[in-house]
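Following our numbering, the numbering of the sequence shown begins with 1476 at its first residue and continues without gaps. Here a beta-carbon is modelled for each residue, glycine too, at the ideal position from N, C-alpha and C. Only one structure is covered here, and it is reproduced in the block below.
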Amino acid sequence: MSSGIINCAKCDTRLPVEIINRPGFTSCPGCGVPVKVHVFPALYRQTGTVKTGEGLLTDNEAGCFFHPAKKAVIPCDICGRFLCSLCDIEFNDQHLCPSCLEAGKKKRKIRNLENNRVLYDNIALSLSVIPLLFIWPTIITAPASIYFSIRHWRSPSSIIPRTKVRFILAGFFA
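Listed below in C-alpha cells is the structure:
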C-alpha cells in the first residue's frame, strides 16, 4: 500500500503507511502534531466479491422464485423453490431459501438456529422447593411441579447438555 488510508484528526492530511502501528508518537507530515495510530490487520484485507445473481438469457431457463429476472442455480432443500445465487443460503450442508430459514427459526425446526431455551427443569424445581418456606402455596405448586416434570421430561433442556436430576428432585420435593 503506497498511500495512507488514515487521516490526521487535526489537519485532515493523509498519514503515510510508515507511521501506522509504530510503537511511539510520530509527527503528522501536514501540521506536525504528535500522532499515534493503531490499526487492525483487517483494514488491509481485500474484500470479497458480492454475489449478484446471473440474469436470465433465454425464456426456457428457470428463474429464481424471489427474483424472477435472475437465473435459478439450485433448489431449496426444504421447499423446493428455485433460488438464484443471491438467495441461496448454505446452512448445515443444506441450501435454504430465506423464508425457510426464517420459518425454521420461528418454529424451532432448525436446531442450530436456537439462541435461547426455557429451562423447564429449573421451573419445576423452583415450584417444588421455594414454596416449602411457606406451607400454603405448596397445595398449588406441588401438582404444578409434578406436571412440569412429567410434561417437559422430553423437551430439550439446555443448549448445554444437562441431566434429568432436576426433574427427579422436583418430583421428590413436591
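For Ile-1635, the closest alpha carbon among the candidates Arg-1592, Ile-1564, Ile-1598, Phe-1623 is that of Arg-1592. Contact between Val-1510 and Asn-1496 does not hold, since their C-beta atoms are separated by about 12 Å, which reaches or exceeds 8 Å. Boundaries of the alpha helix (DSSP H) around Ile-1598: 1595–1604. Take Ala-1547, set aside five residues on each side of it, and the residues of its chain with a beta-carbon closer than 7 Å to its own are Ala-1537, Gly-1538, Cys-1539, Phe-1557, Leu-1558, Cys-1559, in chain order. The Cβ neighbour count for Pro-1498, taken over all protein chains shown within 10 Å, is under 16; the residue is labelled exposed. Scanning its chain for C-beta atoms nearer than 6 Å, with the 5 sequence neighbours on each side dropped, one finds around Leu-1602 the residues Thr-1616, Ala-1619, Ser-1620, in chain order.
The shortest C-alpha to C-alpha distance from Thr-1488 to any of Cys-1506, Pro-1631, Asp-1552, Phe-1500 is the one to Cys-1506. If you ignore the 5 residues before and after Lys-1580, its C-beta comes within less than 6 Å of the C-beta of Leu-1588, all in its own chain and listed in chain order. Sequence-distant partners of Lys-1582 (beyond 5 residues in either direction) whose C-beta falls short of 6 Å from its own C-beta are missing from its chain.
Per the coordinates, the alpha-carbon of Phe-1648 lies some 51 Å from the alpha-carbon of Gly-1555.
Taking Phe-1541 as reference, the option from Phe-1623, Asp-1563, Pro-1491, Phe-1500 with the minimal CA-CA separation is Asp-1563.
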